[in-house]
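Residues in the sequence shown are numbered from 19 upward in steps of one, following this note's numbering.
All C-beta atoms, glycine included, are put in the ideal place defined by N, C-alpha and C.
Encoded as structure tokens, the structure appears first; notes follow it.
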Amino acid sequence: MSNDKVFATRQMPGSTLERLSQYCDLEVWDDFMPPDYEIITEKMSDLAGLLCLLTDRIDPQLMDAGSNLKVISNMAVGFDNIDIEAATLRGIPVGNTPGVLTETTADFAFALLMAAARRIPEGRQYVQDGKWRTWHPTVLAGQDIFGATLGIIGSGRIGAAVARRAKGFKMRLLVNSLETEAEIRQLGGEKVGLDDLLAQSDYVSMHVPLTDETHHMISDRELGLMKSTAILINTARGSVLDPMALYHALRDGQILAAALDVTDPEPIPLDDPLLTLDNCLIVPHIASASVATRAKMAEMAVDNVIAGLRGERLPTCVNPEVYD
Ligand code: GLV
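Spelled out as structure tokens, the structure:
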């Protein structure tokens with residue numbers, strides 16, 4: 019055990035943090051809610067490791083509040099909450115948790131697609147409101163999934179995993195990028211431009227990381243290209259969509275429905291207009307939330323911290339250029 023101080027900004031599943039505490043002097047933030055930015059900043063002065071979540075903003079000022087930081091480990095595959103360039107400039111390796119959540123997140127994206135297409139949340143509400151008085155030919159009729167066209171925006175690991183699921187439904191697959199070219203092509207995926215993808219798809223599923231380029235990449239113009247029967251699914255990051263543009267498109271029937279695991283901001287305020295719409299299904303950023311996957315993410319995040327403290331290369335490093 020070393021004297022290195024590590025701060026974990028939340029409790030984690032299982033005995034992962036117990037394992038970490040055998041390597042270092044570990045402090046764990048026990049509240050359900052995240053520590054304020056100021057609290058993390060205060061802790062930084064003598065920290066060697068920071069184990070954080072996507073709810074923690076890790077910017078240059080925060081990094082500069084410490085002088086001994088050897089590793090930042092994010093328990094998430096996404097890392098848009100961390101200024102990676104600033105970490106690299108300071109020689110701090112940043113870890114994330116890719117791979118282990120791919121299939122779980124793809125399951126959930128497909129679950130959202132199916133729930134919105136077949137109006138499952140509305141059906142539940144209908145029963146609970148006492149409206150189920152008889153079987154009726156038009157009640158809660160939704161959209162078919164089998165044989166429909168799925169547009170996947172961003173075909174990285176999760177996009178490809180969604181494509182595999184779509185194959186079982188004999189869907190036509192359109193992708194706008196071919197990061198996983200061989201796999202998507204093998205599945206019969208066709209590469210098209212973003213505009214064509216939007217115009218031709220019955221379902222559009224977002225799988226891009228949040229960057230300056232992808233911020234609000236779906237806004238008024240893009241929504242205007244989509245079919246009036248189309249359904250938009252977002253399990254990426256809230257601000258890849260322009261929320262006001264989405265609200266107008268859903269309200270005005272420009273597209274049929276949306277299913278969002280992520281919003282901008284998070285949590286979505288209760289007075290957000292999207293929450294007034296029956297055709298917008300919103301859940302609280304839980305796409306990777308299976309018991310097994312969250313446990314694996316925590317293990318990976320801890321492995322990154324331990325490697326960083328030991329001065330070893332992080333097993334999953336976002337900025338490997340720190341080692342050059
Ligand atoms: C969740 O959104 C993640 O990035 O892991």
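Collapsed DSSP secondary structure at residue i in the structure displayed
i: Asp5; result: Outside the shown range of the chain (19 to 342) lies residue 5, about which nothing can therefore be said.
i: Phe25; result: strand
i: Asn114; result: coil
i: Val193; result: strand
i: Asn297; result: coil
i: Val157; result: coil
i: Leu80; result: helix
i: Val323; result: helix
i: Val336; result: coil
i: Ile15; result: Only positions 19 to 342 of the chain appear in the structure, and residue 15 is not among them; the question remains open.
i: Ala166; result: coil
i: Gly141; result: helix
i: Ser91; result: strand
i: Gly67; result: strand
Residue i CB to nearest heavy atom of ligand 1 below 7 Å
i: Val95; result: yes
i: His303; result: yes
i: Ser308; result: no
i: Leu228; result: no
i: Leu69; result: no
i: Leu35; result: no
i: Leu119; result: yes
i: Leu355; result: Here the chain comprises residues numbered 19 to 342, so residue 355 is not present and cannot be evaluated.
Test item: CB-CB of residue i and residue j under 8 Å
i: Ala248; j: Ile273; result: yes
i: His234; j: Asp260; result: yes
i: Val323; j: Leu119; result: no
i: Asp220; j: Ala181; result: no
i: Gly207; j: Val193; result: yes
i: Ile300; j: Leu288; result: no
i: Ala94; j: Asp77; result: no
i: Gly109; j: Leu327; result: no
i: Gly32; j: Ala316; result: yes
i: Pro111; j: Leu332; result: yes
i: Ile202; j: Ala178; result: yes
i: Cys42; j: Lys61; result: no
i: Gly256; j: Leu216; result: no
i: Thr34; j: Val336; result: no
i: Ile171; j: Met224; result: yes
i: Asp282; j: Ala305; result: no
Q. At what residue ranges does the region 209 to 292 contain a whole run of the beta strand (DSSP E), taking only runs of 3 or more?
A. 221 to 224, 249 to 252 and 275 to 278
Q. Are the region 19 to 29 and the region 63 to 74 touching by the rule of at least three beta carbon pairs closer than 8 Å?
A. yes
Q) Three or more C-beta pairs closer than 8 Å, one from the region 149 to 166 and one from the region 124 to 140: is that the case here? A) yes
Q) Between the region 108 to 122 and the region 305 to 325, do three or more beta carbon pairs fall short of 8 Å? A) yes
Q: Decide if the region 183 to 191 is in contact with the region 226 to 246; the criterion is three or more beta carbon pairs, one per stretch, under 8 Å apart.
A: no
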